[in-house]
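Visitor: If you want this note's numbering, it's the position in the sequence shown, counting the first as 1, plus 45.
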Amino acid sequence: MLAYVIRRLLLIPVTLLGIMAVNFLFAQLAPGGPVEQMMARVQDQTSLATSRLSGGGSEVAEARGGGGADGAYRGAQGLDPAYLKELETQFGFDKPPLERFVKMMGDYARFDFGNSFFRDESVVSLVIEKMPVSISLGLWSTLIIYLVSIPLGVTKAVRDGSPFDVATSWAVVVGYAVPGFLFAILLVVLFAGGTYLSIFPLRGLTSPGWEDFPLWLKLADYFWHMALPILALVIGGFAGLTMLTKNSFLEEINKQYVITARAKGLSERRVLYGHVFRNAMLLIIAGFPSVLIGILFTGALLVEIIFSLDGIGLLGFEAVINRDYPVMFGTLYAFGLIGLLLNLAGDIAYHLVDPRIDFEARG
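In structure tokens, the structure reads:
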């Protein structure tokens, strides 16, 4: 197993390089880079100043430009070419793409992610600032999803076809069909002052003055703010894991070794948790890294927006919209590395749960 782990660790830089190269290429092909974004901001400010001085009218429309007869961007026509050159130098676009990519990867290898183009902060500072929100959502949601889904899936498998199985299947179908952000909107309408009750806060991770609260009140306030976002993610995420658990247990329960164990006189509890559980949990353990990564960095995006939680998902979304390349690629590199390491951790967990699985021998 040690040799397999070493090989996987050696493959991580190659895989990460491929991920970064593909995304860097797509970013170069996409229109509206950082320079264009800054030009548009400067032009908007110029147009606003012109509007205030002239009182509106045709001067504003002409200043805002748009496309000319040749389809060119007029916003740049009123800007000093030296300033445009300065912007290109500031953002590093005075160098060829390959040189920029090599420099970027060299910096990232030293975990130097640079500064945001538009926020005047380092990427590391921004990520550290937003991380508590995403970690809170991801860890609590994943923990509760597993605590709910595994016992529910096991019970559904043991009582397959019973009224309990049929009744809970309706809840699973609803959770599977309706995305988490729609549940979030429903929870806002019902419990956060949307239309009916105003029991829970609508925005933020803590209340004003939270730093001065006693410890018990800090914890209570924190969970008060996190209750609805976590509930929305749990409702939208437990269905898939529940059915995966049920199907895994059903497949194992019908195998020959279970029949043999029962014939030897073992209790149903001993058969279920002493033999079936180990084999049935393999697929579920393997899916843990992807579940955690999905909730941390993608699944919580719309939930963060709905509940005004300033986390990693919202940071990445704004970085893509604004073409803030240091934030885009810095977070992609860091979380890509975390994802690859978590996938390796899933394989190691496979081996720990069932030592018969030998990835080294298979390789």
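Cβ coordinates follow ideal geometry from the N, Cα and C atoms, glycine included.
Using the Cβ count rule (16 or more neighbours within 10 Å means buried), how would you classify A114?
Guide: Locating residue 114 in the sequence shown gives position 69, counting from the first residue. In this prediction, A114 has a pLDDT of 41, which is less than 50 and means its spatial position is unreliable; what the coordinates show is noted afterwards. By the 10 Å Cβ count, A114 comes out exposed.
Visitor: Quick one: what does DSSP say N160 is sitting in, helix, strand or coil?
Guide: If you number the sequence shown from 1, residue 160 lands on position 115. N160 falls in the strand class under three-state DSSP.
Visitor: Can you tell me whether S167 is helix, strand or coil according to DSSP?
Guide: Position 122 of the sequence shown, counted from the first residue, corresponds to residue 167. In the structure shown, S167 sits in a strand (DSSP, three-state: E or B).
Visitor: Return the first residue and the last residue of the alpha helix (DSSP H) that P208 is part of.
Guide: The residue you call residue 208 lines up with position 163 of the sequence shown. That run of the alpha helix (DSSP H) goes 208-222.
Visitor: V348 and A229 - do their beta-carbons sit closer together than 8 Å?
Guide: Counting from 1 along the sequence shown, the entry for residue 229 is found at position 184. Counting from 1 along the sequence shown, the entry for residue 348 is found at position 303. Their beta carbons are under 8 Å apart, which means A229 touches V348 by this criterion.
Visitor: What is the DSSP secondary structure of S181, reduced to helix, strand or coil?
Guide: By 1-based counting over the sequence shown, the position of residue 181 is 136. Of the three classes helix, strand and coil, the one that applies to S181 here is helix, per DSSP.
Visitor: Going by beta-carbon coordinates alone, are V172 and I357 separated by less than 8 Å?
Guide: Locating residue 172 in the sequence shown gives position 127, where the first residue counts as 1. Locating residue 357 in the sequence shown gives position 312, where the first residue counts as 1. Result yes, Cβ atoms of V172 and I357 sit closer than 8 Å.
Visitor: Determine the direct distance from the alpha carbon of V50 to that of L389, and round the result to whole angstroms.
Guide: Working through the sequence shown from its first residue, we reach residue 389 at position 344. Working through the sequence shown from its first residue, we reach residue 50 at position 5. One C-alpha to the other measures close to 8 Å.
Visitor: Compare the beta carbon distance of A205 and L286 with 8 Å and say whether it is the shorter of the two.
Guide: Counted from its first residue, the sequence shown places residue 205 at position 160. Counted from its first residue, the sequence shown places residue 286 at position 241. It should be noted that the sequence gives Asp, not Ala, for residue 205. No, the Cβ-Cβ distance between D205 and L286 is not below 8 Å.
Visitor: Determine the DSSP secondary structure at A237, reduced to helix, strand or coil.
Guide: Numbered from 1 along the sequence shown, position 192 holds the residue referred to as residue 237. Strand.
Visitor: Assuming V372 and A364 make a contact with CB atoms under 8 Å, what is their CB distance in whole Å?
Guide: On the sequence shown, position 327 is the one that residue 372 refers to. On the sequence shown, position 319 is the one that residue 364 refers to. The Cβ separation is near 4 Å, so the contact holds.
Visitor: Just reading off the alpha helix (DSSP H) that P58 is part of, what are its end residues?
Guide: Here the question's residue 58 lines up with position 13 in the sequence shown. From DSSP, the alpha helix (DSSP H) with P58 extends over 47-74.
Visitor: Nearest CA to the CA of Y318: which residue from G63, A308, E297?
Guide: Here the question's residue 318 lines up with position 273 in the sequence shown. Minimum Cα distance to Y318 is reached at E297.
Visitor: With a Cβ-Cβ cutoff of 8 Å, do I190 and F283 count as a contact?
Guide: Locating residue 190 in the sequence shown gives position 145, where the first residue counts as 1. Locating residue 283 in the sequence shown gives position 238, where the first residue counts as 1. A contact, by the Cβ cut-off of 8 Å.
Visitor: Could you check what DSSP says for S410 in three-state terms: helix, strand or coil?
Guide: Outside the displayed range of the chain (46 to 408) lies residue 410, so it cannot be described from this structure.
Visitor: Let me know the secondary structure DSSP gives F416 once reduced to three states.
Guide: Residue 416 lies beyond the residue range present for the chain, which begins at 46 and ends at 408; the question has no answer from this structure.
Visitor: How about G381 and I64: are their beta carbons less than 8 Å apart?
Guide: Here residue 381 refers to the residue found at position 336 when the sequence shown is read from its first residue. Here residue 64 refers to the residue found at position 19 when the sequence shown is read from its first residue. Closer than 8 Å, so yes.
Visitor: Would Y241 and L327 qualify as a contact pair, given that the criterion is a beta-carbon distance under 8 Å?
Guide: Along the sequence shown, one-based indexing puts residue 241 at 196. Along the sequence shown, one-based indexing puts residue 327 at 282. The answer is no: Cβ separation not under 8 Å.
Visitor: Buried or exposed for T447, please, with buried defined as at least 16 other CB atoms from any protein chain shown within 10 angstroms of its CB.
Guide: In this structure the chain extends from 46 to 408, so residue 447 is not present and cannot be described.
Visitor: For L227 versus L273, is the C-beta spacing smaller than 8 Å?
Guide: Translated into the one-based positions of the sequence shown, residue 227 becomes position 182. Translated into the one-based positions of the sequence shown, residue 273 becomes position 228. No; because the gap between Cβ atoms is not below 8 Å, this pair is not in contact.
Visitor: Can you find the residues in the same chain that come closer than 8 Å, C-beta to C-beta, to G238, ignoring five residues on each side of it along the sequence?
Guide: Against the sequence shown, residue 238 aligns to sequence position 193. Around G238: L247.
Visitor: L54: buried (16+ other C-beta within 10 angstroms of its C-beta) or exposed?
Guide: Here residue 54 refers to the residue found at position 9 of the sequence shown. It is exposed - the Cβ of L54 has fewer than 16 other Cβ atoms within 10 Å.
Visitor: Can you give me the Cβ contacts of F268 inside the same chain, cut-off strictly under 8 Å, excluding the 5 residues immediately before and after it?
Guide: Residue 268 sits at position 223 when you count from the first residue of the sequence shown. Excluding sequence neighbours, F268 sits near nothing in its chain.
Visitor: Just how far apart, CA to CA, sit Y153 and G183?
Guide: Position 108 of the sequence shown, counted from the start, is the residue given in the question as residue 153. Position 138 of the sequence shown, counted from the start, is the residue given in the question as residue 183. Their backbone Cα atoms lie some 25 Å apart in a straight line.
Visitor: From the DSSP output, in three-state form, read off D355 for me.
Guide: As a first step, residue 355 must be located in the sequence shown, where it is residue number 310. Looking at D355 - three-state DSSP - the assignment turns out to be coil, as it is neither helix nor strand.
Visitor: From M150 to P224, what does the alpha carbon distance come to, in whole angstroms?
Guide: Your numbering for residue 150 matches position 105 in the sequence shown. Your numbering for residue 224 matches position 179 in the sequence shown. Cα to Cα, the separation comes out at about 36 Å.
Visitor: State the start and end residues of the unbroken alpha helix (DSSP H) segment that holds S293.
Guide: Translated into the one-based positions of the sequence shown, residue 293 becomes position 248. Unbroken alpha helix (DSSP H) run through S293: 260-298.
Visitor: In whole angstroms, what separates the C-alpha of Y370 from that of V59?
Guide: For the purposes of this step, residue 370 is taken as residue 325 along the sequence shown, with counting starting at 1. For the purposes of this step, residue 59 is taken as residue 14 along the sequence shown, with counting starting at 1. The straight-line gap from Cα to Cα measures roughly 21 Å.
Visitor: Keeping to the same chain, check which residues put their C-beta closer than 7 Å to that of G220; ignore five residues upstream and five downstream.
Guide: The residue you call residue 220 lines up with position 175 of the sequence shown. If we look at G220 and ignore the five residues flanking it on each side, its Cβ neighbours are I280, G281, F283, A284.
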